[in-house]
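Asker: Position in the sequence shown counted from 1, then plus 53, gives you the working numbering. Starting off with a structure, shown below.
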Amino acid sequence: MPEAALWRCENRHQFDRAREGYVNLLPVQHKRSKQPGDSADMMLARREFLDAGHYQPLQEKVCDIFARVLNEKASAVLDIGCGEGYYTHAVANRLQARGDVEIHGLDVSKVAVRFGAKRYHNVQFCVASSHRLPFAEGQFDAVLRIYAPCKAEELARVVKEQGYVLTVTPGPRHLLQFKELIYQDAKLHDETPEKMAGFELVEQHSLNYPMQLNSEESAALLQMTPFAWRARPEVWGVLATTPVFDCETDFTLRLWQRRSEELTAVAP
54 MPEAALWRCE
64 NRHQFDRARE
74 GYVNLLPVQH
84 KRSKQPGDSA
94 DMMLARREFL
104 DAGHYQPLQE
114 KVCDIFARVL
124 NEKASAVLDI
134 GCGEGYYTHA
144 VANRLQARGD
154 VEIHGLDVSK
164 VAVRFGAKRY
174 HNVQFCVASS
184 HRLPFAEGQF
194 DAVLRIYAPC
204 KAEELARVVK
214 EQGYVLTVTP
224 GPRHLLQFKE
234 LIYQDAKLHD
244 ETPEKMAGFE
254 LVEQHSLNYP
264 MQLNSEESAA
274 LLQMTPFAWR
284 ARPEVWGVLA
294 TTPVFDCETD
304 FTLRLWQRRS
314 EELTAVAP
């Protein structure tokens, strides 16, 4: 429970609330590095790219799905791996315009959460691991998970019965042009849906469109991807000297619904 700048759980563990408004719930023993997650430079590049609107169609698609499947009695939604809150605050704006709903954003990166909390005041941000969600059983009507890893068991624990998880993963041709710069044999992304124990896949959508990026935007986008670690100096040089870089986005959105206890019990 919040007490001014202090949070205390029923086990009497105490957590400080930062002046930006977020809470750090990531114990030192659960960190894999001193500062896990994206760095400040990475977050600035991400914010600049997202603010330019290149991923706005995905933002709008996510909001549309939640607005359609959640009724006005929905009380809480969680964004796992929220980064600096680009999608989180858009969901908050859409859902809070029609009812009283809490929107939570969680990320392992303290830098990212600080960025989000300073900018978006209609979201409750926290620093925590997606593998150890610091939330009660059945707390959320829906969870958004864009690329972020999370155990299905943890999702099933925190999502209400008949609640939803919306996942966004790369479609087959997502950013293929970047992969062709980096890999000799660039392969398409695997389309096979993941296994989500306790959930049923009820919808699947594809969203793809072309982008034309200037040199700064293409470098910022590459920095946002796992490909950045494998990009040789020559790749960064190509992007820096290419006035217009043509590439494709290709997203797969899957909506999963939490099975009832009865269905889970009889499932093979």
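Heads up, the beta-carbon is just placed ideally off N, CA and C, and yes, glycines get one too.
When the Cα atoms are used, what is the spatial distance from residue 111 to residue 137?
Answerer: Position 58 of the sequence shown, counted from the start, is the residue given in the question as residue 111. Position 84 of the sequence shown, counted from the start, is the residue given in the question as residue 137. Distance between the alpha carbons of residue 111 and residue 137 is about 16 Å.
Asker: Using the C-alpha atoms, what's the distance from residue 293 back to residue 207?
Answerer: In the sequence shown, counting from the first residue as 1, residue 207 sits at position 154. In the sequence shown, counting from the first residue as 1, residue 293 sits at position 240. Between residue 207 and residue 293, the C-alpha separation is close to 42 Å.
Asker: Once the 5 residues before and after residue 82 are set aside, which same chain residues still bring their CB inside 8 Å of it?
Answerer: Taking the first residue of the sequence shown as 1, we reach residue 82 at position 29. Any reading at residue 82 is ruled out, since the residue's pLDDT is 40, under 50, leaving its predicted position unreliable.
Asker: Which class does residue 188 belong to by DSSP, given the choice of helix, strand or coil?
Answerer: As a first step, residue 188 must be located in the sequence shown, where it is residue number 135. Reduced to three states, the DSSP call for residue 188 is coil.
Asker: Within the continuous alpha helix (DSSP H) that includes residue 292, where are the two ends?
Answerer: As a working note, residue 292 is residue 239 in the sequence shown. Segment 286 to 293, the alpha helix (DSSP H) holding residue 292.
Asker: Under a three-way DSSP split, which group does residue 322 fall into?
Answerer: A question about residue 322 goes unanswered here, because the residues of the chain that appear run from 54 up to 321.
Asker: Would you tell me roughly how many angstroms separate the C-alpha atoms of residue 96 and residue 164, rounded to the nearest one?
Answerer: Against the sequence shown, residue 96 aligns to sequence position 43. Against the sequence shown, residue 164 aligns to sequence position 111. Looking at the two C-alpha atoms, the distance is approximately 8 Å.
Asker: Helix, strand or coil, according to DSSP, for residue 120 in the structure here?
Answerer: Indexing the sequence shown from 1 puts residue 120 at position 67. DSSP places residue 120 in helix when its eight states are reduced to three.
Asker: Regarding residue 179 and the ligand MG, is the C-beta to nearest heavy atom distance less than 6 Å?
Answerer: The ligand MG is absent from the structure shown, which contains no ligands of any kind.
Asker: Does residue 217 pass the burial test, meaning 16 or more other C-beta atoms within 10 Å, or should it be called exposed?
Answerer: In the sequence shown, counting from the first residue as 1, residue 217 sits at position 164. Classification of residue 217: buried, given that the 10 Å Cβ count is 16 or more.
Asker: Residue 159 by DSSP, collapsed to three states: which one?
Answerer: Residue mapping note: residue 159 aligns to position 106 of the sequence shown, counting from 1. If DSSP states are grouped into helix, strand and coil, residue 159 belongs with the strands.
Asker: For residue 261, which beta-bridge partners are listed by DSSP?
Answerer: Position 208 of the sequence shown, counting from 1, holds the residue named residue 261. According to DSSP, which records beta bridges pairwise, residue 261 is partnered with 303.
Asker: State buried or exposed for residue 270, treating a residue as buried only when at least 16 other CB atoms are found within 10 Å of its CB.
Answerer: Start at 1 with the first residue of the sequence shown, and residue 270 comes out as number 217. Residue 270 is buried by the Cβ-count criterion.
Asker: Throw me the rounded Cβ distance for the residue 235 and residue 273 pair, which I believe falls under 8 Å.
Answerer: Looking up residue 235 in the sequence shown gives position 182. Looking up residue 273 in the sequence shown gives position 220. Residue 235 to residue 273, Cβ: 16 Å. No contact.
Asker: Under 7 Å Cβ to Cβ from residue 299, same chain only, skipping five residues before and after it: list those, please.
Answerer: If you number the sequence shown from 1, residue 299 lands on position 246. The residues are 230, 263, 265.
Asker: On the three-state DSSP scale, how would you describe residue 151?
Answerer: Position 98 of the sequence shown, counting from 1, holds the residue named residue 151. Three-state DSSP puts residue 151 in coil, outside helix and strand.
Asker: Give the secondary structure of residue 176 by DSSP, where H, G and I count as helix, E and B as strand, and everything else as coil.
Answerer: Mapped onto the sequence shown, residue 176 falls at position 123. Reduced to three states, the DSSP call for residue 176 is coil.
Asker: Are residue 192 and residue 129 close, meaning C-beta to C-beta below 7 Å?
Answerer: Here residue 192 refers to the residue found at position 139 when the sequence shown is read from its first residue. Here residue 129 refers to the residue found at position 76 when the sequence shown is read from its first residue. Yes.
Asker: Tell me residue 198's beta-bridge partners as DSSP assigns them.
Answerer: In the sequence shown, the residue the question calls residue 198 occupies position 145. Residue 198 is bridged to 133, 220.
Asker: Per DSSP, residue 256 is paired with what?
Answerer: Indexing the sequence shown from 1 puts residue 256 at position 203. Beta-bridge pairing links residue 256 to 308.
Asker: Determine whether the beta carbon atoms of residue 197 and residue 118 lie at a separation below 7 Å.
Answerer: Residue 197 sits at position 144 when you count from the first residue of the sequence shown. Residue 118 sits at position 65 when you count from the first residue of the sequence shown. No, Cβ-Cβ distance for residue 197 and residue 118 is not below 7 Å.
Asker: With residue 179 and residue 115 assumed to form a contact (beta carbons below 8 Å), what rounded beta-carbon distance in angstroms separates them?
Answerer: The count along the sequence shown starts at 1 and reaches residue 179 at position 126. The count along the sequence shown starts at 1 and reaches residue 115 at position 62. 20 Å between Cβ atoms; not a contact.
Asker: Would you grab the beta carbon distance between residue 141 and residue 176 for me? Rounded to a whole angstrom, and I think it's under 8 Å.
Answerer: Translated into positions along the sequence shown, residue 141 becomes position 88. Translated into positions along the sequence shown, residue 176 becomes position 123. That belief holds up - the Cβ atoms of residue 141 and residue 176 are roughly 5 Å apart, short of 8 Å.
Asker: Could you have a look at residue 248 and say whether DSSP puts it in helix, strand or coil?
Answerer: Sequence index remark: in the sequence shown, residue 248 carries index 195 (1-based). Three-state result, residue 248: coil.
Asker: Hey, how far is the Cα of residue 311 from the Cα of residue 247?
Answerer: As a first step, residue 311 must be located in the sequence shown, where it is residue number 258. As a first step, residue 247 must be located in the sequence shown, where it is residue number 194. Approximately 15 Å, taken between the alpha carbons.
Asker: Name the residue from 228, 195, 267 whose alpha carbon lies nearest to the alpha carbon of residue 304.
Answerer: Indexing the sequence shown from 1 puts residue 304 at position 251. Out of 228, 195, 267, 228 has the C-alpha closest to the C-alpha of residue 304.
Asker: Check the DSSP bridge columns for residue 266 and list the partner residues they point to.
Answerer: On the sequence shown, position 213 is the one that residue 266 refers to. DSSP, once it has assigned bridges, lists 298 as partnering residue 266.
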